[in-house]
Every structure is written in C-alpha cells, then in structure tokens.
Amino acid sequence: MTIASGQTAAAERVPALVEQFKGGLAAPICLTWEWTYACNLSCLHCLSSSGRRDPGELTTEQMRSVIDELQAMQVFYVNVGGGEPTVRPDFWELLDYAVACGVGVKFSTNGLRLDAERARRLAATDYVDVQVSLDGATADVNDAVRGDGSYAMALRAMQNLAEAGFENFKISVVMTRHNVPQLDEFAALADRFGAQLRITRLRPSGRGADVWPELHPTDSQQREIYSWLTDHGDQVLTGDSFFHLNALGGSPLPGLNLCGAGRVVCLIDPVGDVYACPFAIHDAFKAGTVRAPGGFARVWRSAPLFAELRTETSGGACRSCSEYSACQGGCMAAKFFTGLPLDGPDPECVKGHGASALAAVGGAPPRTETDHSHRGREVPLGMPSVRVPAKVRVPAKLCDSSPLAGTA
Amino acid sequence: MTTPFEPARGYRLNPAVALRPEPFGALAYHFGNRRLSFLKAPELVDLVRGLGSHHCVSDALAAVPDGRRDAYLRALASLAAADMIVPQQPRSEVA
Numbered sequence: 002m003t004i005a006s007g008q009t010a011a012a013e014r015v016p017a018l019v020e021q022f023k024g025g026l027a028a029p030i031c032l033t034w035e036w037t038y039a040c041n042l043s044c045l046h047c048l049s050s051s052g053r054r055d056p057g058e059l060t061t062e063q064m065r066s067v068i069d070e071l072q073a074m075q076v077f078y079v080n081v082g083g084g085e086p087t088v089r090p091d092f093w094e095l096l097d098y099a100v101a102c103g104v105g106v107k108f109s110t111n112g113l114r115l116d117a118e119r120a121r122r123l124a125a126t127d128y129v130d131v132q133v134s135l136d137g138a139t140a141d142v143n144d145a146v147r148g149d150g151s152y153a154m155a156l157r158a159m160q161n162l163a164e165a166g167f168e169n170f171k172i173s174v175v176m177t178r179h180n181v182p183q184l185d186e187f188a189a190l191a192d193r194f195g196a197q198l199r200i201t202r203l204r205p206s207g208r209g210a211d212v213w214p215e216l217h218p219t220d221s222q223q224r225e226i227y228s229w230l231t232d233h234g235d236q237v238l239t240g241d242s243f244f245h246l247n248a249l250g251g252s253p254l255p256g257l258n259l260c261g262a263g264r265v266v267c268l269i270d271p272v273g274d275v276y277a278c279p280f281a282i283h284d285a286f287k288a289g290t291v292r293a294p295g296g297f298a299r300v301w302r303s304a305p306l307f308a309e310l311r312t313e314t315s316g317g318a319c320r321s322c323s324e325y326s327a328c329q330g331g332c333m334a335a336k337f338f339t340g341l342p343l344d345g346p347d348p349e350c351v352k353g354h355g356a357s358a359l360a361a362v363g364g365a366p367p368r369t370e371t372d373h374s375h376r377g378r379e380v381p382l383g384m385p386s387v388r389v390p391a392k393v394r395v396p397a398k399l400c401d402s403s404p405l406a407g408t409a
Numbered sequence: 011m012t013t014p015f016e017p018a019r020g021y022r023l024n025p026a027v028a029l030r031p032e033p034f035g036a037l038a039y040h041f042g043n044r045r046l047s048f049l050k051a052p053e054l055v056d057l058v059r060g061l062g063s064h065h066c067v068s069d070a071l072a073a074v075p076d077g078r079r080d081a082y083l084r085a086l087a088s089l090a091a092a093d094m095i096v097p098q099q100p101r102s103e104v105a
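As given, the protein sequences belong to chains A and B, one line each in that order.
Each number in my numbering corresponds to the 1-based position in the first sequence with 1 added.
Each number in my numbering corresponds to the 1-based position in the second sequence with 10 added.
Structural data, given as structure tokens:
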C-alpha cells in the first residue's frame, strides 16, 4: 500500500489517512464474502461455525447480481471464503464471472478441489489468488485443529499449485498456542512452494469461542509473534490482525492500525446478510442484507450500525492507557465474544488489562447465533474435545447432509 | 520496471489503473500489480485525471498554486514509482 499525498504547509495539511478511514469509505477495500456454510472439515476454531449448507444461501443468479453491484461500486477484489467455498457447484462459474467483471477474487480453501488440472487452470487465470489454510507446519499440529488428513490435503493442493506455476499463492495460518513455535517452519514451507505466508489472529468467534481459552497464544508467545513480525514483517501478510500488539512498543507493525469494521471492512455471509466484520457474525453486528431493496450498496452507505462504527469511539477504560494510540483498544470481535465491553481492553491486551477484565466478566459471553456445525463431529486429536452446548444448535434442516453429497 | 520520474515528459494515468472517488480524494487500484494507492486530495485526483492532456508534467502543474506545486510533484513521483502513472510515449531505448 502506498500513500501519495500532497501536503506542505500546516495550513494545507490533510488529516492522516487512518483518520480519514475512520469516517468510512465509498466502498469497502477489504470485503470478505463467504459463499457457503458447507464445509468438508470441522475445524475446532471455525469463526463462522461452518459445516452444513444453509438452505437460504444465495442462488447463482443472486450471487451474480451481487458481483454486478460490486463492480459498479468499484470494489476491486473480494476475499471469498466459507465454509469451503469450492464445494458450491457453481464456484468456478462464479469465479470466472467475477474476474470477467473486474472483481478480483482471492479465495480461501482447505485444498479440497485443487487437483493438478484445476491448479493449472487457476495459474492461467488472471486476477485470482488462492489462500490455502494450514494451522500447523506439521501434520500433528495442523490435524489436531483442522481434522485428520487435512494437512495432507493442504500440502497436496500446495504442491499442485507450485507445479502449475502459480506463484505467490498464500499459505494462511491462524496462530495458536501450538503453532507459534513453528513460525520459522511456516516460512520455510512458504519458500518451498514459492508461496507467501499469511498469519492471522485466533478470534473467539464461532466455534473459536469454545477453544479460544486453550488455544490463544500466551503472553510470551504474543511477544514472540510481535518480534518475529518485526523481523519478517515485510515478507509476511497479517490482514492487519495483530495491531493490538503495537502496544508492546518499538516499531509499529505495518498496516493501518485500526479496527476496520464497517469502515474499510465488512462481511457478506452465505445467505446475504451483511456484518461489520468477518469475525463478528452476530445480530449485534448485522447491518442488513443484500436481498433488501438497494442491495449491498445501500447497506454499506446507509446502515445505522455502520454509521455508528464510523464515529469516533470513546476509548472508554482504555483512554487513560499510555498505549491507547498504539493499539486503539484492539479487536471489537475479540472483546465481544469474550464478554468484554467494546470500549474496554482487548482480551489479549499486552499490558495485562485484558486478563483482569476477563476475570471480572460475569455470566456467559454472547455466542454466534448461526451455527452450521456438523452434528456430532469433533476433531478430538490432541485437544480436549469440545462440544457446542445442544441448546444453541439450530434445528435439523433439509440439507443436513454432507455438503459433498452428489458432487464429484 | 519503472523509469525515473521526469517532469519534463508527458505522463498519463496507467490504463491498468482505476480511480475510485473517496471522501478524501480517490483510491487508485492497479489491476496489473494489484497495488492500492491513495490520492489524498481532490485537486490531486483532478490533476492525475487530466495529466494525459498535457504534453509535460510541468505544464499540467502550471495551474496549481505555487505553494502546492512541490507537494503535488512529489505525489506524482510516488505515483510514477508505483506505476500508477506512466510516460505517454515510452522512449525507444526504454521499450
């Protein structure tokens, strides 16, 4: 990201870009669009509690009209996820349509559909990027979170992409207590496949809420991540997700250092609901739906929730902290799903304010209401097996079967 | 590879770049290298859009108030470095 600005005398000075971003943009820069809740895996930390397709997911025609709208709004690229987006039978058709409309697609996948032939076709498609999810540099660490065989599947996909000549695809890692010691191994893996490493923060969203207490990095690991990023930051993508670590001082991590929710970021979920951020699938952060008159553009421009998010936050309890300007209070979703007030410290506040705030939380924190988890499937390997309480599960639905049934 | 920015030459918006109007100015997106740049003043956006109709950058800057000319020149240099604006006619030795 480069900033071209024209400023000389103080009188002509325009506010810093980050200040401008706080008021929101004409269209999102970083739009996550989840194409299905269906997934072949049952990752312990799935932030969208995916597994089973939702019968109300947008149809091919509805998806196309959203793409048309994004083109008109000049949203130049979208981050497509799920679920496992490639299990949609119309996935490749929609991908081609988006690219033809000038809406680039970066899609996240566990590697399921990336065989040699598909990898060759992707390598030949302009304007597509692939992000393979991997949460361990070794099979034991990865499969403990993502399920048996998922490491082999991801590596096979990466091998296919590399052999097809797809340069610079992304290997996307959610940092956990078990894989922080593997940072160098992840980097070596990325080098081996001619890929770029992307590391992001574990959020207590979706099923992630169940495992967050055991899996989120320890305080010393947070310092390890920060110093590793300081050393390697220019080669590693982070999706701006570690800005709360900037309170550790020294040199700030590259990025906006800002919660972009509703300002530069938002999420469209598989049924067309629009949320302020991909980590906040909850009614409290639902701004509207692309199905309503005016579509996505109207939600982005006029939703009262977004208007509220685009105003200056008070900073609350954090305002008196010397590091507030560095971390901006951290991640809204991380606070919300651990039961913390939004104007207080992040649960992983590096000054230690999160731990004491967490200890004071009374009652159960809010949960993602939409749960599409496969029933009765956990990934028990190496982790304490955690079940979502039965009371928050959604009732049986017509499509409660394997998302892969009937597809090749 | 981009060549050094030369205000004596004519430049234009790279055809691979789209400008999206924003409250602060515009967001520039390069479809080729997928980079984003931000044009932080509406006047700079007008300047960049009109660049192609001037035979050299200095000419395009003639209408800009003296106090701002250097700043806009720097902004244009950084846009050239990012391949957002390109020379109107590549010199033969460059091509």
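Backbone N, C-alpha and C define an ideal beta-carbon position, used for all residues, glycine too.
With 16 or more other Cβ atoms inside 10 Å of its own Cβ, Q223 (chain A) counts as buried. Its chain contains L95, Y98, A99, C102, V104 as the residues whose beta carbon lies nearer than 8 angstroms to that of I68 (chain A), once the 5 sequence neighbours on both sides are disregarded; these appear in chain order. C278 (chain A) sits close to A334 (chain A), with the two beta carbons spaced by under 8 angstroms.
In the DSSP assignment, L190 (chain A) falls within the alpha helix (DSSP H) that extends over 184-193. Taking C-beta separations shorter than 6 angstroms and ignoring five residues to either side along the sequence, G353 (chain A) has no partners in its chain.
Chain order gives the chain B residues near L18 (chain A) as F34, F48, K50, where near means a beta carbon separation below 8 angstroms.
Counting C-beta atoms within 10 angstroms of its own C-beta, R199 (chain A) has 16 or more neighbours from the protein chains shown and is therefore classed as buried. Neighbours of L113 (chain A) in chain B, taken as residues at a C-beta separation under 9 angstroms, are lacking, since the least C-beta distance is about 25 angstroms.
Contact residues of the segment 155-173 of chain A toward chain B are absent (C-beta to C-beta distance below 8 angstroms). Counting only the Cα atoms, P205 (chain A) lies some 14 angstroms from D372 (chain A). Put simply, the backbone Cα of A153 (chain A) is about 34 angstroms away from that of K336 (chain A).
Shown here, Q75 (chain A) sits in coil according to DSSP, grouped into three states, outside any helix or strand.
The C-alpha of T37 (chain A) is placed about 34 angstroms away from the C-alpha of G355 (chain A). Among the CB atoms of chain B, none fall inside 8 angstroms of the CB of F297 (chain A).
N80 (chain A) sits in a strand when the DSSP states are folded into three classes. Chain B has no Cβ within less than 8 angstroms of the Cβ of F108 (chain A). The shortest CA-to-CA distance from S151 (chain A) to any of A:C328, A:E85, A:C260 is the one to A:E85. Close CB contacts of A196 (chain A) within its chain, under the 6 angstroms cut and outside five residues either way in sequence, are with F170, I172 (chain order).
For a Cβ distance threshold of 9 angstroms, residue set R30, P31, E32, P33, L37 of chain B lies close to A27 (chain A), ordered along the chain.
With a cutoff of 8 angstroms on beta-carbon distance, F77 (chain A) and Y39 (chain B) are scored as near each other. Listed along chain B, the residues sitting closer than 8 angstroms to I30 (chain A) by beta-carbon distance are L37, L46. S315 (chain A) and G83 (chain A) have their C-alpha atoms spaced approximately 33 angstroms apart. Residue B:S63 holds the alpha-carbon nearest to the alpha-carbon of Q98 (chain B) among B:S88, B:S63, B:A73. Counting along the chain, D274 (chain A) sits inside the beta strand (DSSP E) bounded by residues 274-276. Excluding its 5 nearest sequence neighbours in each direction, L254 (chain A) has C-beta neighbours in its own chain below 8 angstroms: Y227, L230, T231, G234, T239, F243, F244, L246, N247, listed in chain order. Inter-residue distance for V88 (chain A) and G273 (chain A) is about 18 angstroms (C-alpha atoms, whole angstroms). In chain order, P33, F34 make up the part of chain B whose C-beta sits under 9 angstroms from the C-beta of G24 (chain A). In the assembly as shown, A26 (chain B) is an exposed residue. Its beta-carbon has fewer than 16 other beta-carbons within 10 Å. Across the set A:G52, A:C44, A:P90, A:F187, the C-alpha of A:P90 shows the shortest separation from the C-alpha of T60 (chain A). The alpha-carbon of R22 (chain B) is positioned some 51 angstroms away from that of L341 (chain A).
Look at Y128 (chain A) here: in three-state DSSP terms it is coil, with no helix or strand label. Neighbours of Q75 (chain A) in chain B, taken as residues at a C-beta separation under 7 angstroms, are given in chain order as A28, R30. According to the DSSP assignment, C328 (chain A) belongs to the alpha helix (DSSP H) that extends over 325-328. Between L113 (chain A) and N41 (chain A), the gap from beta carbon to beta carbon is short of 8 angstroms.
Contact check between the segment 135-150 of chain A and the segment 172-181 of chain A: three or more CB pairs, one atom from each, fall below 8 angstroms, which counts as touching. At a cut-off of 8 angstroms, the C-beta of Q21 (chain A) has a neighbouring C-beta in chain B.
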